[in-house]
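Here the structure is laid out as structure tokens; the discussion comes afterwards.
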Amino acid sequence: MNTPRSVVISPSGLRLGVASVIALLPGVLAFGVSFGAVAAKMGLSLVDAAMMSGLVFAGAAQFVAISAWQMDWTWAGAITICLLVGIVNSRLILMGASLRPTFSALAPGPAYGLLALNTDASWIMMMRLEGKTEHGDVGAYVGAAAALWAGWLLATIAGWWLGALISDPRRYALDLVMIIFFACILVPLWKGPRKALPWLVALAVALITQSVTSSQIYILFGSLSGAIAGAFLDE
Amino acid sequence: MTNEAISLAVILAMAATTYVCRSFGYFLMGYVPLTPRVRRGLEALPGAVVVSIVVPGAVAAGPAGIAGVIAGMVVMAVTRHDILGLLVGCAVAVGVRSAGL
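Protein chains in written order, with the numbering used here: chain A, 1 to 235; chain B, 1001 to 1101.
Following this line, the structure appears as structure tokens:
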């Protein structure tokens, strides 16, 4: 067991984190503006929309939630929204598991605090920057997460005000930014065909699950099967 | 409760649910001994998560998604530059969409 260290947030790490998410910001901002605009259409107040972006800070789950938003609340409606949010965010469970070795040098308090900021983009940054930063320096993670959080919150507020001004983010492929960036990150994760066997398992299970359910739970099933396959493949 | 108060409660419940998702996997791994098998599983996890997000997402987005993903990966494989890969991938996706596919 490692002895817990104090959190190191180096200025160079912070800069690295902010710089590494700049490419993603146009997509995040456009996504945030459209979230704000849709939220306004669904009847959320500006305070509600901003609070959701600030506290939930999970784009896909927020979109799913406001698409099921209600003007006259029922228990069933409220519970359904929480279940949907849990399903869409289930991938974060696995991302958190994979952060254990990285954060294990930290005391529990800072580690659980940092996990509150975890998103697809900041997680993928951690994977990408693995080895480029000092072990135990979480500056890059904090920089990336803070830039994403501020951008997401401001874009939500702007979108709520602007309403329908941004008509079609799809036209500029802004809805695909995250997927294409993830695909690029996959390339350096490639460590030969043998190590990629779990990917094939993940791929098959994710596609099968996607074809039978319409929800994003396929991410959970695919990733979990891939990890299990990886665990049971002999060295 | 008024509707406004319930909306607020739902937002707080969403935030709590999301935080549980963010912290639960990390918490759980604190109780799982890091045997070689578990370590291999964790090592396979990032690639498996990325594949499970990218491929179904690209398939759901249709020809533009698939073409954009392939173009991005090819550029990344050749140049090792992720931002360039992202830009070319998006440009290809925009092109495919504007061609009406």
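For every residue, glycine included, the Cβ atom is placed at its ideal position computed from N, Cα and C. None of these values were measured; they are calculated from a predicted model.
If you reduce the DSSP assignment to three classes, tell me which class leucine 106 of chain A lands in.
Residue state, collapsed to three classes: strand.
Three or more C-beta pairs closer than 8 angstroms, one from the region 81–92 of chain A and one from the region 1016–1026 of chain B: is that the case here?
Result yes; three or more Cβ-Cβ pairs closer than 8 angstroms.
Taking three-plus beta-carbon pairs below 8 angstroms as touching, is the region 1045–1056 of chain B in contact with the region 187–205 of chain A?
yes
Against glycine 32 of chain A, what residues of chain B qualify as contacts under a CB-to-CB distance less than 9 angstroms, listed in chain order?
Within 9 angstroms of the CB of glycine 32 of chain A, no CB atom of chain B is found; the nearest one sits about 16 angstroms away.
Counting C-beta neighbours from all protein chains within 10 Å, is the total for phenylalanine 103 of chain A 16 or more, i.e. buried, or is it exposed?
buried
For serine 90 of chain A, go through chain B and note every residue whose CB falls closer than 9 angstroms to its CB, in chain order.
Cys1021
Buried or exposed, going by whether 16 or more other CB atoms sit within 10 Å of the CB of phenylalanine 35 of chain A?
buried
I'd like the span of the alpha helix (DSSP H) that includes threonine 1035 of chain B, first residue to last.
Premise fails: threonine 1035 of chain B is in no alpha helix (DSSP H) and is neither H nor E.
Residues of chain A with CB under 7 angstroms from glycine 1057 of chain B, in chain order?
Ile179
Specify, as a first and last residue, the run of the alpha helix (DSSP H) that glycine 1062 of chain B falls within.
Run containing glycine 1062 of chain B: none; DSSP gives neither H nor E here.
Any C-beta of chain B under 8 angstroms from that of phenylalanine 35 of chain A:
Nearest CB-CB separation between phenylalanine 35 of chain A and chain B: not below the 8 angstroms threshold.
Counting pairs of beta carbons, one from the region 1002–1013 of chain B and one from the region 107–116 of chain A, are three or more of them closer than 8 angstroms?
no
May I have the straight-line CA-CA distance separating valine 38 of chain A from alanine 229 of chain A, to the nearest angstrom?
One C-alpha to the other measures close to 40 angstroms.
Among residues of its own chain, excluding the 5 on either side of valine 56 of chain A, which ones have a beta-carbon nearer than 7 angstroms to its beta-carbon?
Excluding positions up to five away in sequence, the list reads Gln62.
Does leucine 1101 of chain B have its Cβ less than 8 angstroms from a Cβ in chain A?
no
Let me know the secondary structure DSSP gives valine 56 of chain A once reduced to three states.
coil
Inspect the beta-carbon positions of leucine 198 of chain A and alanine 1044 of chain B and report whether they are closer than 8 angstroms.
For the sequence presented, residue 198 of chain A should be read as proline rather than leucine. Yes, these two residues count as a Cβ contact at 8 angstroms.
Find the residues of chain A that neighbour alanine 1077 of chain B, judging by a C-beta separation of less than 7 angstroms, and give them in chain order.
Val187
Cα separation between valine 1074 of chain B and aspartate 72 of chain A?
50 angstroms
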